[in-house]
Amino acid sequence: MGRALPEASFAVMRFVRDGWHLSAEAAAIELPHVPAVFSIGNGFIGLRGPGEAADAPRVYLNGVYERMPIAYHEAAHGYARETDLRLAVADATTPALSVAARLTGVELDLNRGIRTERRDADGVAISIEQFVAMAQPAMVLTRVTFAETASIDATPSVTAPPGSAGVSPVPVEDAIYDPRIAPAIAESPWRAVDSRASAGRAARTDRLDKSGFVVASAMQEIARRTRDGRIEIDFVSGYRADRTAPVLEPLLDMLTAAGNRGYDALLVEQAAWFADFWATSTVAIPGQPEAELAIRYALAELAMAVGRDGMTSVGAKGQTGEGYEGHVFWDADLYVLPVFAFTHPDIARAMLAWRISGLDAARDNARAMGQTEGALYPWRTIGGHECSSYFPAGPAQYHINADIAYALETYLSASGDRTILDAGGAEMLVETARIWLAIGFHDETKGGAFVINRVTGPDEYTAIVNNNLYTNLMAARHLRFAAREGLASGLLGAAEAERMRRAADTMFLPFDDARQVYAQDDAYFALEPWPFEATPSDKYPLLLHFHPLAIYRRRVSKQADAVLALALLPEAFEPAMRQRLLETYEATTTHDSTLSASAFATAAAHAGDGARAAHYWRVAALTDLSDLFGNTDHGLHMAALAGSWTTLAMGFAGMRVEDDILCLDPVAIPGLPDYSFSLSFRGAQVGVSVSGADASVAVHGDRPVRVRINGVDAAPVAEALDA
2 MGRALPEASF
12 AVMRFVRDGW
22 HLSAEAAAIE
32 LPHVPAVFSI
42 GNGFIGLRGP
52 GEAADAPRVY
62 LNGVYERMPI
72 AYHEAAHGYA
82 RETDLRLAVA
92 DATTPALSVA
102 ARLTGVELDL
112 NRGIRTERRD
122 ADGVAISIEQ
132 FVAMAQPAMV
142 LTRVTFAETA
152 SIDATPSVTA
162 PPGSAGVSPV
172 PVEDAIYDPR
182 IAPAIAESPW
192 RAVDSRASAG
202 RAARTDRLDK
212 SGFVVASAMQ
222 EIARRTRDGR
232 IEIDFVSGYR
242 ADRTAPVLEP
252 LLDMLTAAGN
262 RGYDALLVEQ
272 AAWFADFWAT
282 STVAIPGQPE
292 AELAIRYALA
302 ELAMAVGRDG
312 MTSVGAKGQT
322 GEGYEGHVFW
332 DADLYVLPVF
342 AFTHPDIARA
352 MLAWRISGLD
362 AARDNARAMG
372 QTEGALYPWR
382 TIGGHECSSY
392 FPAGPAQYHI
402 NADIAYALET
412 YLSASGDRTI
422 LDAGGAEMLV
432 ETARIWLAIG
442 FHDETKGGAF
452 VINRVTGPDE
462 YTAIVNNNLY
472 TNLMAARHLR
482 FAAREGLASG
492 LLGAAEAERM
502 RRAADTMFLP
512 FDDARQVYAQ
522 DDAYFALEPW
532 PFEATPSDKY
542 PLLLHFHPLA
552 IYRRRVSKQA
562 DAVLALALLP
572 EAFEPAMRQR
582 LLETYEATTT
592 HDSTLSASAF
602 ATAAAHAGDG
612 ARAAHYWRVA
622 ALTDLSDLFG
632 NTDHGLHMAA
642 LAGSWTTLAM
652 GFAGMRVEDD
662 ILCLDPVAIP
672 GLPDYSFSLS
682 FRGAQVGVSV
692 SGADASVAVH
702 GDRPVRVRIN
712 GVDAAPVAEA
722 LDA
């Protein structure tokens, strides 16, 4: 049996105040994951919560990074030579208090994206209310409040960027090497350019030499008043980053304009943005406010982390910490984007626009990997080029191309917006599909089946394999999609499109006759099983305690792989096969990745196993709020947050799109008799209500929506939009 995940319970969920608010006080403030859990942002700026050391990194900017060399003693052709490293920037968000003040509590209002800190200065209560403006590109608003009788003041302050990009260096012999944590560096790459201070304003500019980014940071006092016996001081902070254009003067102009509008007006704008957001992101779970809160939290944090400008996406940790160096992985496309495709398609489109902008870099990556045509997207990146120094578990994951194609197809299905194809989506689709023809071939020893050798699937504990099931199934879907749209757009000729269709139709899928189950790859079941019974609990994750070869020689999976294929492509498997797949691979999986639980939850729902689905769903939903894996302090797990929603909608409710029809096939989930959620579908606002294994749909407005529930066409209830 594989490693069983601990039971997670909403009943003991941390930080619950009510269905819309999280709070921490007393001993809870000292929990190491509080700074990450109480993060706020707007897709560009990410601001961690309070509670960490004064010199710890707190503020991050999406898409801003430095280029750092990768040192190899024995390199080879095509290896990544540099990596992108996201660094904490100057902190222009913390007003300087004239007295020392102890943190006593923190609260996060999900309804409006507002965080409030409570502090105590010798018996004087100080409140610091703060939000990162969602309707503005680069602005943070802060209101400091205290009794008018107190001898306290608050003034603008900007502190220099932290001196280290990661945790403090520790002796190698005293530490476990963890590749998920950003490396400590001996010297900060930031170079101070300018620093200014005047009455009511502080500003500075810093530069990163290799990447060329110049970052301006500033804070300005915009109001000071006495109200109901308390002094209120309002501040606006801002950031601008560019490689060529001036940054500081435009930033100062922005702050002046914000000051003219005032804190209260910007707060109203913030509330309005979130009101629109929640209109198509509502989740209701009657009688279970904790579960409701967990899903709302996930959606809010995703919205505050993902880039909405088409020039950025979302890293594995968003802007909530330094884990994974701020890199974007394939989970942005496969886990996060589907959430927005069905709730806020404009955000999903922006994520795709970022991928499209990286097409030339993906072509370069393909050439470095030996492919003379096509494009291969990097496994991990910020700037567009491959940043992974370990190719067996990184760049060999060619499924990234199919994951991006799946994201594009999901967006098209949910939104109906085909203009993305003309905006570079079709070219990206075709270029990435060409990679499969470049690395695969029709193997006569397998009856002419199309095989794809020497790749790594999602499971990083099984590397450089032949015919990874997930990769081959997703590649086949990718090839069919590209052949259809490539012909329609004129980017493919008939002969190349036919080659793609033939490869898809003859794709080899490894099968184990003894177990009557699809094999994860050609050799998976020929490996000796991992000795789970002899592995102590403190030796997980395996990657921190065993050499990769010791893992590769055994039959063990880090995360959902074949099971991820079941989660995404249930139509590829008969019902009995679904259950066998789930049970077979549950027995070999360690779940050492937080991407695993939601995939197993959705797969279990597709297999009709509601109890198992509910167990894994709770793990995904509580990964960060309960710090189940002990590393939330490095940053929130964006894929787990996203998976908590996709499991509910696409797993439990069985939501999918077939032939332009919104289909629902719910499965009964023990302990979850009723729930509802809202979504955006083809321009309509749709409300879905599920009760057991049945569902109903209400369409708000006059946009027609075709609905099919449990295989039967249904007439949705039409409701007028609220005025």
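When the letters of the sequence shown are read in order and numbered with the working numbering, they come out as residues 2 to 724. Beta carbons are placed, not taken as given, at the ideal position from N, Cα and C, and that holds for glycine. Values in this document were obtained by computation on a predicted structure and should not be read as measured data.
- Residues of the same chain with a CB within less than 6 angstroms of the CB of I552, apart from the 5 flanking positions on each side, are Y462 and L543 in chain order.
- By the Cβ criterion, the region 454-461 is not in contact with the region 496-513, since fewer than three pairs of Cβ atoms, one from each stretch, lie closer than 8 angstroms.
- Bounds of any alpha helix (DSSP H) do not take in Y61; it lies within the beta strand (DSSP E) bounded by V60 to L62.
- Per the C-alpha coordinates, the member of S679, F45, G644 and M312 positioned closest to A139 is F45.
- Annotation for G106: E26 and R119 place their beta carbon closer than 6 angstroms to its own, counting only its chain and skipping 5 residues before and after.
- Our two residues, Q580 and P33, have alpha carbons roughly 39 angstroms apart in a direct line.
- When only Cα atoms are considered, L642 and A200 end up about 43 angstroms apart.
- Within the same chain, Cβ atoms closer than 7 angstroms to the Cβ of L209 are found at E67, P190 and W191, the five residues on either side in sequence being excluded.
- Between A126 and E149, the alpha-carbon positions lie close to 11 angstroms from each other.
- By the criterion of at least three beta-carbon pairs nearer than 8 angstroms, the region 270-282 is not in contact with the region 597-612.
- Leaving aside the five residues that flank P162 on each side, the residues in its chain whose CB is nearer than 7 angstroms to its CB run, in chain order, L88, A89, V90, A91, S189, W191 and D207.
- For secondary structure counted as the alpha helix (DSSP H) over 4 or more consecutive residues, the region 216-300 holds these complete runs in sequence order: 249-262 and 264-280.
- With respect to the C-alpha of L438, the residue from Y407, A427 and H479 having the closest C-alpha is H479.
- Annotated three-state conformation of W191 is strand, per DSSP.
- With distances taken between CA atoms, R555 lies nearest to T591 out of P576, A563, F574 and T591.
- With fewer than 16 other Cβ atoms from the protein chains shown falling within 10 Å of its own Cβ, P7 counts as exposed.
- R619 sits in a helix when the DSSP states are folded into three classes.
- In terms of Cβ geometry, I405 and R350 do not form a close pair [threshold 9 angstroms].
- Between L663 and F682 a beta carbon distance of about 5 angstroms is seen, short of the 8 angstroms cut, so the two are scored as contacting.
- With contacts defined as CB atoms closer than 9 angstroms, G359 and G385 qualify as a contacting pair.
- Bridge partners of V687 according to DSSP: L680 and V700.
- Counting only runs of at least 4 residues, the region 478-548 fully encloses the following alpha helix (DSSP H) elements, listed from N- to C-terminal order: 495-506.
- In the DSSP assignment, L86 falls within the unbroken beta strand (DSSP E) covering E83 to L86.
- Annotation: G47 is outside any alpha helix (DSSP H); the continuous beta strand (DSSP E) that includes it extends over I46 to L48.
- Following the DSSP letters along the chain, one finds V315 in no beta strand (DSSP E), marked with neither H nor E.
- Taking C-alpha positions only, A81 is separated from S389 by approximately 6 angstroms.
- In the DSSP annotation of this structure, E118 is not part of any alpha helix (DSSP H); the continuous beta strand (DSSP E) holding it starts and ends at I115 to A122.
- The three-state secondary structure of M578, taken from DSSP, is helix.
- For the options M508, Y471 and L582, the alpha carbon positioned closest to that of R481 is the one of M508.
- Taking the Cβ atoms as the reference, W274 lies roughly 20 angstroms from M312, outside the contact range of under 8 angstroms.
- Here M429 carries a helix assignment [DSSP, helix/strand/coil].
- Residue burial is scored here from C-beta neighbours: P346 has at least 16 other C-beta atoms within 10 angstroms and is therefore classed as buried.
- By the CB criterion at 9 angstroms, V194 and R202 fall outside the cutoff.
- The beta carbon of L528 is closer than 7 angstroms to those of R554, R555 and R556 in its chain, skipping five residues each way along the sequence.
- Under a 10 Å Cβ-count criterion, Q271 is classified as buried, with 16 or more other Cβ atoms of the shown protein chains found around its own Cβ.
- Residue D332 holds the alpha-carbon nearest to the alpha-carbon of V307 among T245, D332, A295 and R18.
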